[in-house]
Amino acid sequence: MDLVIIFIGAALINNFVLSYFLGICPFIGVSSKITSAVSMGIAVIFVMTITAVVSWSVNNLILIPFGLDYLTIPSFILIIASLVQFVEMVIKKVSTAIYRALGIFLPLITTNCAILGLALFASMREYSLIQSVVFALGAGSGFMLALIIMAGIREELELANVPEPFKGVPITLIVAGLLALSFMGFAGII
Amino acid sequence: MKKTIHIISVLTLTATISALTLASVNNWAKPLIEENAIKAISEAIFQVQPSAKSYEKIPLDELKAFEVFDENKNSIGYAVVHQGNGFQGTIKLIFGIDKNLERITSIEILEQVETPGLGSLITEENYKNQFRSLSVNPVINLIKGKSKTADNQVKAITGATISSRAVVNIVNDAIRILRKYSKEEK
Amino acid sequence: MKKPVSLTQEYIKGLWEINPIFKQILGMCPTLAVTVSAINGLAMGLATTFVLVFSSVIISSIRKIVPSQVRIATYILIISTFVTIVDLVMKAKFPELSKALGPFIPLIVVNCIILGRAEAFASRNNVLRSFLDALGNGSGFLIALLVLGSIREMLGTRTIFGVQVLPNQFTPWMVMILPAGAFITLGLLLGFANAFTKWQEQKNKKSVLVR
């Protein structure tokens, strides 16, 4: 039950993009086509889940036992940077098809604050290993959902007559605002 | 080869300097941060138990609770910190209760992320004042739209029933745990 | 090679010409997240400027000895060190503010502005220029956060920096302090910024023609 709440909470109610504003850069950059939104979403879920496991282990097995919790930020960011590189190498070796689909999105993920945010939130809320993984899956799915909805809207928006100065990022932000409003409807379900 | 040594030495040096700097900043900051945390909690305790002069932590695993004393070191009740699910996220609150676990002295919301303007009204005096000398026998009841008929009732905020109920549930849950504990004590 | 600009220009350009928020559209996450009030915006702007200035100076001064293969890793290490310092100092000295900004202080690490200026400017220019560039970009970021925070606080709670500026007859627009308000306000501000830039360009063109 607890795990269900964590999952729904991270995916819908406190959606990383629409209520914590994490991962806005790829949200604006990659959300112009549905196909790339899906690929980016999968890549994020994947990296988030691995990050959750590794950062949990480092935090609870190394940093906290040795009283080094002031090194949390540097260690987490280094973990994420090296993980992304590692995942990229593995995917390249294992399957060229997947690499072609996800490859260009992986480097973008390093500076995606959603990943670091996930690791920080999980450690701040003192989640257990399983809770962290569920939290990562929820947050990743929520990110993908927001990205796909946004891409769908933006494909239609191409045809709309938007005032010149508002084309591109400004109108995307305003649409995101309306999306955030509608996501508030999920609030009562936990 | 020379290149590799160069790369490794630069990274190692950066990491070492960074770790040493942080260690010394942390040495300075840590006692201050702990002091802040203690100050915050004691301020909250004296806010919900205004006649208290000192407090002591109760050894309880499931609840963060403090027994509070007057100037003559007589126990006058408890201050309890507890949390639970609200409408949008966790609500963390502290409340004071008398020695016999019958009436609440007062309540403060410590952390909440409820909807501004609706659920967030639980932090306003209008709602919190209802908890002053509120009876908790047998439990606190939440009522909607009607006027109060008993002294263990709290009126829900219009449009924010879930947030209002969450606060009541958190307090009831804490009192349940506290009652179990005080029975074991006796 | 562009001709070297004056030192004052190195600072001034960050305020508007290449303003991180309005022109480069970098560092959106903290911009949107913390600007529920002017004071939060100010605190976040100052924290980011501090990290930006110090990491730029350090990165610029070691730019010749850092091998390019590990340049990003080194930058990230330096940046995260300064972010942790800010985080610890805020927790120790300003616990209230630190609580309000929450995880967004640690998240300064991934603020693209800092790594962006490190990579695009500090790794190629001398310490003085990097310092001015970082200060300029930091100030530009600060101004944007302050504007956004003030607008949202004013319309959402009738106050700016906690001082009431709108009469009680004005019904606060709750949406402004919700996440949705952040997106919409920033979207509108960016749109107006674009329109202003266009108008400026056209005016310049005209004045060139007249001459």
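Protein chains in written order, with our numbering: chain C, -11 to 178; chain U, 43 to 228; chain P, 1340 to 1550.
Idealized CB from N, CA, C, for every residue including glycine.
Being a predicted model, the structure only gives us computed values, none of them experimental.
Buried or exposed by the 16-neighbour rule on C-beta atoms within 10 Å, applied to residue i
| i | result |
| --- | --- |
| residue 62 of chain C | buried |
| residue 1465 of chain P | exposed |
| residue 165 of chain C | buried |
| residue 190 of chain U | exposed |
| residue 50 of chain C | exposed |
| residue 1521 of chain P | buried |
| residue 1501 of chain P | exposed |
| residue 1539 of chain P | exposed |
| residue 1542 of chain P | exposed |
| residue 1598 of chain P | Residue numbering for chain P in the displayed model covers 1340 to 1550; residue 1598 of chain P lies beyond these limits and cannot be assessed. |
| residue 2 of chain C | buried |
| residue 1472 of chain P | buried |
| residue 91 of chain U | buried |
| residue 102 of chain C | buried |
| residue 130 of chain C | buried |
Chain U contact residues for residue i, given Cβ-Cβ distances below 9 Å
| i | result |
| --- | --- |
| residue 1412 of chain P | 53, 56 |
Contact belief for residue i with residue j at Cβ below 8 Å, rounded distance in angstroms
| i | j | result |
| --- | --- | --- |
| residue 71 of chain U | residue 1431 of chain P | 4 Å |
| residue 161 of chain U | residue 1513 of chain P | With 8 Å as the limit, residue 161 of chain U and residue 1513 of chain P do not qualify as a contact, their Cβ atoms being about 11 Å apart. |
| residue 74 of chain C | residue 43 of chain C | 14 Å between Cβ atoms; not a contact. |
| residue 134 of chain C | residue 6 of chain C | 6 Å |
| residue 108 of chain C | residue 1442 of chain P | 5 Å |
| residue 1495 of chain P | residue 1511 of chain P | 6 Å |
| residue 1372 of chain P | residue 9 of chain C | 4 Å |
| residue 71 of chain C | residue 38 of chain C | 6 Å |
| residue 141 of chain U | residue 164 of chain U | Not really, about 27 Å apart at Cβ, beyond 8 Å. |
Three-way DSSP call (helix, strand, coil) for residue i in this model
| i | result |
| --- | --- |
| residue 1533 of chain P | helix |
| residue 68 of chain C | helix |
| residue 54 of chain C | coil |
| residue 1456 of chain P | helix |
| residue 135 of chain U | strand |
| residue 222 of chain U | helix |
| residue 194 of chain U | coil |
| residue 1352 of chain P | coil |
| residue 71 of chain U | helix |
| residue 1638 of chain P | Outside the shown range of chain P, which is 1340 to 1550, sits residue 1638 of chain P, and nothing can be said about it. |
| residue 1357 of chain P | coil |
Neighbour list for residue i in chain C, Cβ cutoff strictly below 9 Å
| i | result |
| --- | --- |
| residue 157 of chain U | 172, 175 |
8 Å CB neighbourhood of residue i in its chain, flanking five on each side removed
| i | result |
| --- | --- |
| residue -9 of chain C | 118, 119, 122 |
| residue 216 of chain U | 105, 107, 122, 124, 137 |
| residue 186 of chain U | 197, 198, 203 |
| residue 1340 of chain P | Its pLDDT being 43, under 50, residue 1340 of chain P is placed unreliably in this model, and the value from its coordinates should be taken loosely. So the list is empty, once near-sequence residues are dropped. |
| residue 1485 of chain P | 1377, 1380, 1381, 1384 |
Cβ-heavy atom distance, residue i to the ligand FAD, below 7 Å
| i | result |
| --- | --- |
| residue 1429 of chain P | No copy of the ligand FAD appears in this structure; indeed no ligand is present at all. |
Cβ neighbours of residue i in the same chain (closer than 7 Å, five flanking residues each side left out)
| i | result |
| --- | --- |
| residue 1436 of chain P | 1382, 1429 |
| residue 142 of chain C | 19, 20, 160 |
| residue 88 of chain U | 94 |
| residue 99 of chain U | 108 |
| residue 1439 of chain P | 1379 |
| residue 86 of chain C | 79 |
| residue 31 of chain C | 90, 93, 94, 97 |
| residue 1398 of chain P | 1414, 1417, 1457, 1461, 1462 |
Neighbour list for residue i in chain C, Cβ cutoff strictly below 7 Å
| i | result |
| --- | --- |
| residue 1544 of chain P | Simply none; closest approach about 16 Å. |
Residues that residue i contacts on chain U, provided the C-beta gap is smaller than 7 Å
| i | result |
| --- | --- |
| residue 58 of chain C | 64, 68 |
| residue 1 of chain C | 130 |
| residue 62 of chain C | 60 |
| residue 1416 of chain P | 56, 57, 60 |
| residue 1420 of chain P | 60, 63, 64 |
7 Å Cβ cut-off: residues of chain P touching residue i
| i | result |
| --- | --- |
| residue 129 of chain C | What residue 129 of chain C touches in chain P: nothing, since even the nearest Cβ is about 19 Å away. |
| residue 75 of chain U | 1430, 1431 |
| residue 157 of chain C | 1364, 1529 |
Interface partners of residue i on chain P, CB under 9 Å
| i | result |
| --- | --- |
| residue 220 of chain U | Here the premise fails: no neighbours, minimum Cβ distance about 27 Å. |
| residue 153 of chain C | 1529, 1530, 1531, 1532, 1533, 1534, 1535, 1536, 1537 |
Contact set between residue i and chain U, taken where Cβ atoms lie within less than 8 Å
| i | result |
| --- | --- |
| residue 1517 of chain P | 157, 158 |
Contacts that residue i makes with chain P (C-beta to C-beta distance below 8 Å)
| i | result |
| --- | --- |
| residue 49 of chain U | 1406, 1408, 1409 |
| residue 78 of chain U | 1430, 1431, 1434 |
| residue 45 of chain U | 1406 |
| residue 71 of chain U | 1427, 1428, 1430, 1431 |
| residue 164 of chain C | 1522, 1526 |
Amino acids of chain C, ordered along the chain, whose beta-carbon sits closer than 8 Å to that of residue i
| i | result |
| --- | --- |
| residue 1383 of chain P | Correct list: empty, because the minimum Cβ distance to chain C is about 12 Å. |
| residue 84 of chain U | Correct list: empty, because the minimum Cβ distance to chain C is about 23 Å. |
| residue 1446 of chain P | 10, 101, 104, 105, 108 |
Neighbourhood of residue i by C-beta, 6 Å cutoff - its chain only, sequence neighbours within 5 removed
| i | result |
| --- | --- |
| residue 97 of chain U | 87, 108, 110 |
| residue 33 of chain C | 128 |
| residue 214 of chain U | 181, 182 |
| residue 171 of chain C | 3, 6 |
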